[in-house]
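If you count by my numbering, then the sequence shown holds residues 7 to 759, one letter each, in order.
Right, one structure below, let's go through it.
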Amino acid sequence: MSLENLLRAFDGPDTRSLVRTPGKFGLGQIPSGNVPVSTTTTVCGFCSTGCGLNVHMGESGAVNVTPDPTYPVNLGMACPKGWEAIAVLDAPDRGTVPLLLDRATGERKPIPWTDALNLMADKFRLLRAEHGTESAAFLSTGQIPTEEMFFLGCLWKFGLGYLHADSNTRQCMATAHVAYKQSFGYDAPPFSYDDFEESDVLVFIGANPCIAHPILWERVMRNPRKPEIIVLDPRRTETAQAATHHVQMAPKSDLTLLYAVLRHVIERGWVDRAFVEASTAGFKDLSTFVSTFSDQEALELAKISREDLEILVQAFRPGRRVSCWWTMGVNQSHEAVRTAQAIINLCLVTGNIGKPGTGPNSITGQMNAMGSRLYSNTSGLVGGREFANPEHRQEVSRILDIPLESIPDRASLAYDQILDAAVDGKIKALWVIATNPAHSWIGSGTFRKARDNLEFLVVQDMYHSSETALMADLYLPAAGWGEKEGTQINSERRIGVSKRVRRPPGQALSDFDIFRLVAQASGCNKMFERFTSPEAAFGLMRELSAGKPHDITGIRDYRQIDAAGGIQWPYPLRNDRVAIPENLRAGMPAPLSGEVVGDEGHRRLFADGRFFTPDGKAKLLFTPPRNPEEMPDAQYDLVLTTGRGSSAQWHTGTRTSKSAVLRNLSPKTLILEMNPLDAARRGLESGSEVVVGSRRGSLVATLLATPNIAAGAVFLPMHDRRVNILTFPSFDPHSREPSYKHAAVSVHKGPPL
Ligand code: SF4
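See the structure below:
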């Protein structure tokens, strides 16, 4: 089909939407008008909780949503973002046409889609011819369906022939991905949400589910076992206030503290010897290593009491089901992977894995970070594979019918390295999809410097007004959640279907359709003939999963997922055609009949104590802790940590700021939390304006003196675009995830520095 015909087809009547009346899953058209006429189901498109929503359809599409009481994730609950999911689609700054920037005048003018696509295809073709396959990169997102990420990754690397690509999941889940992969042999979060309700002890480390994952906190509140809840965090967060114990440690003292806890566990004989012997490797070395971590060292660094340490140690005494949950307080650190693995080690050594109410459990951030981890074709080859592995490349070539030589044999640069290469002029063009790095990237000056050196910046987004979209040479208007279809994978590995319940505004197109058009304009569409629809792409993803730990060959189609209330991976088909190697079978539930419609309830991995490593044993990994790269000194004497401000806000606010309800539920000013001792020492009054400065810049905020933050630290919410002026760009060496939790700052009265 020609480019013109494809465009004409998109302008025609919509016959591809998936609209379901209760109990049925059928294809239909979105009617016109606004009277509620039917209800369908979908999955929320903000966070990784993956709540099920009922969508109430008017005559011109979705009118509003309510939480789905039958969905096994949220059981009829939703947070404010979910309730307002439709409202944010109606914003006046939605992109409706492609826009071309005149760099000389700063003016943006509408251009036809055909011109936009041809311009883009020509630019990328020319750059590759003149400067090679490393001269451009894309920066994508955890906020689009897996099928779209999958198509984009294949198009970019196999079709357009470029090497470098990364996603904003680097900013949230790269650490968990690498930690699990190194320890378990595969990126495999082991838990099910039922574990919140089945634990005797829940330890939250650098996690604030009351605000960041409120529905998961509701699941904790349903726990009938009267659990002990311990929170390890420099802030007395909402979760810490509701917990049994709050261990208010100094920022980034967690790794040393966790090693000291493990030493106690080993010395007190609380090791599950049988499990350690049968299912782990490296215990002797780990024991020797942690034996050197004294209480005194841990207590001095963490600035906690001996009683606090004892509470942490007692959490792991035998006979109780212990689950550990972590999020960005761990993931966004200079030694994040080893900190996550210190948590993993504690659970492995005490046998708290593969059983109800246990597990070293990483709660994901974005709604589809897991989809990105498996299928985005950025840091790993599609379907949980490695670019450097020749067998993996051959599998992908065979399954996708793509020439072997089109598949790169090495991984991409990571996000920070891509931006550094752009600053250096080696990367000359960027394609940014559904993310806002001008606001969100650490030390935000880096993105602006990169932009100044780029020859060509394309931004594809729902809104033409994000900080990054405003910098784009070419802006492409994209459909948002609710205006397209696809699947996403939540924190407990549950695949859910998101449906098209609205028509996108103007000429905005789904990301999937934009990728089809880019392939067409670039002349590589033959390679992607089988990518006819998101569901067709899902079929390819299913084929790519065969024999992998996340095998989903038992999932027939979207209807099956929808009818089951989502399906957790793995979900292999019982079929001799699917030959799963013995070592990869470890940890999987018994193979299921492909004819079974519906999930098998909630599943956790590793019930048989077999992991995805070659010998089936989990690795116990460790490294001596080291100081963050930017430590406080006489001039910048406080540690800045950043995080979520309220449950009504999402990341850079590109969507959530569009809802009046969500704006009303969010703080109106930028509030700096500081311990009253630090405020008194500086003569600062709560409620006054203060200047927060780092070596990279300064901003004005309103001071809140509160014991909720440890002395020596200050906290700012990440949703204000100025906050990343202050953060210090350092990265975990294994995951290259940025450390948003530790920068040296000063706080003063008076005018900006
Ligand atoms: S908790 Fe997450 S998935 Fe659930 S409604 Fe809120 S934003 Fe959506």
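Glycine included, C-beta positions come from ideal geometry on N, C-alpha and C.
Since the model is a prediction, treat every value here as computed from it, not as a measurement.
Proximity below 8 Å, CB of residue i to CB of residue j
i    : j    : result
L644 : G718 : yes
M227 : L238 : no
G148 : S173 : yes
F737 : A435 : no
R274 : E743 : no
S146 : S497 : no
M366 : C330 : At residue 366 the sequence reads Pro, which differs from the Met that was named. Yes. Within cutoff.
V697 : G756 : yes
N80  : P73  : yes
G451 : R669 : no
V429 : A394 : no
S504 : T48  : yes
Y469 : A97  : yes
C50  : A91  : yes
P710 : E679 : The sequence as given places Leu at residue 710; Pro does not occur at that position. Yes.
L161 : V524 : yes
P215 : T181 : no
I413 : F164 : yes
M334 : G649 : yes
G191 : W332 : no
L387 : R379 : no
S745 : Q338 : yes
Assigned secondary structure, residue i (DSSP; H/G/I helix, E/B strand, else coil)
i    : result
P739 : coil
A348 : helix
R583 : Caution is warranted here: a pLDDT of 33 is assigned to R583, below 50, making its placement in the model unreliable, and the coordinate value is therefore given only provisionally. Looking at R583 - three-state DSSP - the assignment turns out to be coil, as it is neither helix nor strand.
P396 : helix
K625 : strand
P73  : strand
Y577 : coil
F534 : helix
H219 : coil
W162 : helix
Y469 : strand
T48  : strand
T364 : coil
G502 : strand
E752 : One point to set straight first is that residue 752 is Ser, not Glu, in the sequence displayed. Strand at S752.
Y481 : strand
A596 : In this predicted model, A596 has a pLDDT of only 41, less than 50, meaning its place in the structure is not dependable; the value taken from the coordinates is given anyway. Coil.
C57  : coil
R241 : strand
I211 : strand
C330 : strand
Residue i: CB within 7 Å of a non-hydrogen atom of the ligand SF4
i    : result
T76  : no
C50  : yes
H219 : yes
T55  : yes
A84  : yes
G486 : no
K87  : yes
N80  : yes
Short CB-CB distance (under 8 Å) between residue i and chain B
i    : result
G371 : Absent here is chain B; the protein component of the structure consists of one chain.
Other residues of its chain near residue i: CB distance less than 8 Å, five sequence neighbours each side excluded
i    : result
T102 : P483, P511, G512, Q513, A514
F453 : L425, P443, A444, W447, T474
Same chain, Cβ closer than 7 Å to residue i, neighbours up to 5 away in sequence not counted
i    : result
E225 : Note on identity: in this sequence residue 225 is Arg, with Glu being the wrong assignment. Hits under 7 Å: Y199, F202, E203.
W656 : F52, K87, T662
G67  : I36, V507, R508, R509
Any non-hydrogen atom of the ligand NAD closer than 7 Å to residue i Cβ
i    : result
P215 : You won't find the ligand NAD in this model; what it holds is the ligand SF4.
Sequence-distant residues of the same chain with beta carbon closer than 6 Å to residue i, five excluded per side
i    : result
D557 : S551, P576, P578
I586 : Note that I586 scores 42 on pLDDT, short of 50, meaning its location in the model is unreliable and no value can be drawn from it.
S382 : M155, G159, S173
R610 : P196, F197, S198
A685 : A711
A304 : T262, L263, A266
A613 : G360
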